[in-house]
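Residue numbers (this note's numbering): 410 to 685.
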């Protein structure tokens, strides 16, 4: 057993980024940095949840990873499967304990999110569209969690909605990119069940709906700082154009990477709007 495997299996960079987005959700909600204790708890609850989710995902993906990702900790023998399962449950348990220290709303959302992560890895991932919706829902819940922790939704509610919609688009486009490998694994993703062209239309539709939803804060009277969202909307529409034009692997990769960048920029745009 390798001690470094306990860090590696969690995909720490992704977990830290998720924790930062949760913290930014708090800032966007109230327009200033929350108290140090709340900020620390939000960051830790989101980070630990992400770590537990990634670990349990590797537990259930063991057979697939033996073929596709033999370098991961479980297939290469750096950590036992049972150890990984107990480790993930321990991460979830510590995260829930910390969530309980914030407030009841934050605790309930943490319970729901952690359960969704486990169910996704266990049963929901192969289901057409369902798995996409769960991943997108968890992404949208991240800034919302930060908002619930400070007991004020504010702009974070709109950010959560846009994050959910654009991530549905990205997850579908990622499935288009990975369709050959998913067929080999026996997965039933949307592009496999409906075909790549129809899946591209669905992904593009969610991208367009994201842009429409991004105008809701304007109607609510957000400040001039929110105009930083305009180039983000342009990027999202560009990704939709790319995937509608072609569904080959290279184009799908470009489109989903464009949406990934747009997600980060959208968080920054909402942050500017909240602070300016």
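C-beta: ideal position from N, C-alpha, C; glycine also.
Quick caveat: nothing in here was measured; it's all calculated off a predicted structure.
query, result
"Alpha-carbon spacing of residue 676 relative to residue 519, whole angstroms", "21 Å"
"Touching by the beta-carbon criterion (3+ pairs, under 8 Å), the segment 565 to 583 and the segment 601 to 618", "yes"
"Residue range of the alpha helix (DSSP H) that includes residue 487", "From DSSP, residue 487 is part of no alpha helix (DSSP H); its letter is neither H nor E."
"Cut-off 6 Å between Cβ atoms - residues of its own chain near residue 585, not counting five sequence neighbours on either side", "600, 605, 608, 656 and 661"
"Proximity of residue 504 and residue 457 at Cβ, strictly below 7 Å", "yes"
"Buried or exposed by the 16-neighbour rule on C-beta atoms within 10 Å, applied to residue 686", "Missing from the structure shown is residue 686; the chain here goes from 410 to 685 and no further."
"Cβ-based burial, residue 567 [other Cβ within 10 Å; buried from 16]", "buried"
"Presumed contact (8 Å Cβ cut-off) between residue 508 and residue 516, rounded CB distance", "5 Å"
"Simplified DSSP state of residue 432, which is helix, strand or coil", "helix"
"Validate contact between the segment 627 to 635 and the segment 586 to 599 using beta carbons, cut 8 Å, 3 pairs", "no"
"Whether residue 664 touches residue 648 by CB criterion (7 Å)", "yes"
"Residue 436 and residue 482 closer than 7 Å at C-beta", "no"
"Assigned secondary structure, residue 590 (DSSP; H/G/I helix, E/B strand, else coil)", "helix"
"3 or more residues per run - each beta strand (DSSP E) lying fully within the segment 466 to 527", "none"
"Helix, strand or coil at residue 655 according to DSSP, with G and I counted as helix", "coil"
"Nearest candidate by alpha-carbon position, reference residue 498, set 484, 467, 474 and 564", "467"
"Residue 626, enclosing alpha helix (DSSP H) - first and last residue", "625 to 628"
"Bounding residues of the alpha helix (DSSP H) (the contiguous stretch that carries residue 600)", "599 to 603"
"Cβ distance (whole Å) where residue 455 is taken to contact residue 427 below 8 Å", "5 Å"
"Reduced DSSP category for residue 568 - H, G, I as helix; E, B as strand; rest coil", "helix"
"Endpoints, alpha helix (DSSP H) assigned at residue 415", "414 to 417"
"Residue from 678, 641, 534 and 603 whose Cα sits closest to the Cα of residue 470", "534"
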